[in-house]
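**Q** In terms of this note's numbering, the sequence shown is residues 1 to 229.
Every residue, glycine too, gets a C-beta built ideally from N, C-alpha and C.
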Amino acid sequence: MTGGLRNAWASLLASLSVEDQAPPPAPLPPGPPEQQSFVVFDLETTGLHPSQGDAILQIGAVRIEAGAESAAFDSFANPLRPIPAASTRYHGITDAMVAEAPTVPQALAAFRDFAAGAVLVAHNAAFDLTALRAAARDGAPRLDNPAMCSMMLAHWLDPREPDVTLDGLCGRRGIVIAGRHRALGDARATAALWMQLLARASARGVADLADLAARSRMAERIARQAQHF
C-alpha cells in the first residue's frame with residue numbers, strides 16, 4: 001500500500017469510534033481498473049441511521065469479472081425487530097417477507113463468501129459501509145475487502161454536477177434501474193454506472209485503483225460522509 005493510501009485509510013479509521021477500529025482493508029489490486037474483480041452491492045435497511053441501530057433487511061450484489069457480470073447475490077435478512085412503516089413505504093419490504101430469512105449475521109456470512117477477493121463498490125458507500133460496521137458490532141462477520149464509491153467517483157469526474165444520486169446519474173447515462181429501492185436492482189444499475197465511470201477515469205490516465213483512490217481522495221471522502229449515518 002502506498003504512503004498516500006496509508007494516510008487515506010488512517011483518516012478513515014480515525015473517523016470511527018474505538019470499538020469499530022480494525023486492521024485496514026486489503027490493499028487495492030494493481031492493474032487496469034476495468035479489469036479488476038468487483039462486487040457491486042446495495043443494502044436495504046430499517047432506516048437511514050445504521051450507527052444508531054437501523055438494521056440490514058436485504059443484501060443485493062453482482063460480481064464483475066473482466067468487465068462483465070459473472071454472478072449475483074440476493075438475500076433478505078431478518079433484523080429480529082419490526083420494520084418501521086415509513087421504511088416499508090420506501091422499499092416495500094415487510095415483516096412477513098423477512099420472517100423466514102437468515103438473520104443479519106447469517107446473511108452477511110454468505111455475502112462475505114460471495115465477495116471474497118473482490119473490491120466492494122456501492123453508491124454512497126459511506127452508508128453501506130456504516131451499516132456493515134454496525135452489523136459487525138452486533139456479531140456479524142466483518143468484511144475486510146477494500147471498498148470504493150461510485151458516487152464519489154462521479155463527483156470527482158464532474159465536480160460541478162449538482163445531482164450525483166443514482167437516479168440522476170443513471171438517467172443521464174441511459175441506464176435503466178430495474179427494481180428501484182430493491183437491493184439487487186440498485187446493485188445492477190450501480191454496476192453498469194461504475195464500469196462507465198471507470199472507463200472515463202482510465203481515459204484521464206488513471207493507472208490503477210490505488211491511483212484512482214489517491215486522486216479522488218476516496219477513503220477520506222467516504223469517512224467524512226459516513227459521519228452523517
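I need the DSSP call for A10, collapsed to helix, strand or coil.
**A** Reliability of the predicted coordinates at A10 is poor, the pLDDT of 45 falling under 50, and no value is obtained from them.
**Q** Leaving out the 5 sequence neighbours to the left and right, which residues in its chain are closer than 8 angstroms to T130 when beta-carbon positions are compared?
**A** The answer, listed in chain order, is P50, S51, A226 and F229.
**Q** Leaving aside the five residues before and after S202 along the sequence, list all residues of the same chain whose C-beta is less than 8 angstroms from its C-beta, in chain order.
**A** Correct list, in chain order: P32, P33 and E34.
**Q** Helix or strand or just coil, what does DSSP make of F111?
**A** F111: helix per DSSP, three-state reduction.
**Q** Just the Cα atoms here: how many angstroms apart are S216 and M152?
**A** One C-alpha to the other measures close to 8 angstroms.
**Q** Since T103 sits in a beta bridge, which residues does DSSP pair it with?
**A** The partner list for T103 (beta bridge, DSSP) reads N78.
**Q** In chain order, which continuous runs of the alpha helix (DSSP H) of length 4 or greater are located wholly inside the stretch 103-168?
**A** Complete alpha helix (DSSP H) runs here, min 4: 104-114, 125-137 and 150-157.
**Q** Residues in the same chain with beta-carbon distance under 7 angstroms from A10, minus the five sequence neighbours each way, listed in chain order, please.
**A** Unreliable placement is indicated for A10, whose pLDDT of 45 sits below 50; the coordinate value is still reported in the next sentence. Cβ neighbours of A10 beyond the five flanking positions: none.
**Q** Taking 7 angstroms as the limit between beta carbons, can you name the residues of its chain near T94, skipping five residues before and five after?
**A** Around T94: I83 and T88.
**Q** Counting only the same chain and skipping the five closest in sequence on each side, list residues whose C-beta sits under 6 angstroms from that of P146.
**A** Counting only Cβ-Cβ distances below 6 angstroms, and skipping sequence neighbours, we find P25, A26, L28 and V119.
**Q** Enumerate in chain order the residues of its own chain whose CB-to-CB distance from Y90 is below 7 angstroms, with the five nearest sequence positions on each side excluded.
**A** Hits under 7 angstroms: H181.
**Q** Using the Cα positions of L184 and V62, report the straight-line distance between them to the nearest angstrom.
**A** Each residue's alpha carbon lies about 8 angstroms from the other.
**Q** Thinking just about the alpha-carbon of each residue, which of A66, A107 and A85 is nearest to the one in L57?
**A** Looking at the Cα atoms, A107 is the closest of the given residues.
**Q** Can you name, in chain order, every residue of its own chain whose Cβ lies under 6 angstroms from the Cβ of R155, other than the five neighbours on each side?
**A** The residue asked about is misnamed: residue 155 is His in this sequence, not Arg. Closer than 6 angstroms at Cβ, skipping near neighbours: V164.
**Q** Look at the alpha carbon of A210 and the alpha carbon of M148, and state the distance between them as a whole number of angstroms.
**A** Rounded to whole angstroms, A210 to M148 spans 10 angstroms at the Cα level.
**Q** Using the rule of at least 16 other Cβ atoms within 10 Å of the residue's Cβ for burial, across every protein chain shown, is E161 buried or exposed?
**A** It is exposed - the Cβ of E161 has fewer than 16 other Cβ atoms within 10 Å.
**Q** Can you tell me the Cα-Cα spacing of M195 and P159, whole angstroms?
**A** The alpha-carbon atoms of M195 and P159 are separated by roughly 19 angstroms.
**Q** Let's test the definition: count the other Cβ atoms within 10 Å of the Cβ of V176 and tell me whether it reaches 16, buried, or not, exposed.
**A** V176 is exposed by the Cβ-count criterion.
**Q** Skipping 5 residues on each side, what residues in its chain have a beta carbon closer than 6 angstroms to that of A187?
**A** Once the five neighbours on either side are set aside, the close Cβ partners of A187 are V40, F41, D42, G60, A61 and V62.
**Q** Please report the distance separating the alpha-carbon of L198 from that of G53.
**A** C-alpha separation (whole angstroms): 34 angstroms.
**Q** In or out: S75 buried (at least 16 other Cβ within 10 Å) or exposed?
**A** When all chains shown are included, S75 counts as buried.
**Q** Could you compute how far the alpha carbon of A99 sits from the alpha carbon of G174?
**A** A99 and G174: Cα-Cα distance of roughly 36 angstroms.
**Q** How is A226 classed by DSSP in three states: helix, strand or coil?
**A** Residue state, collapsed to three classes: helix.
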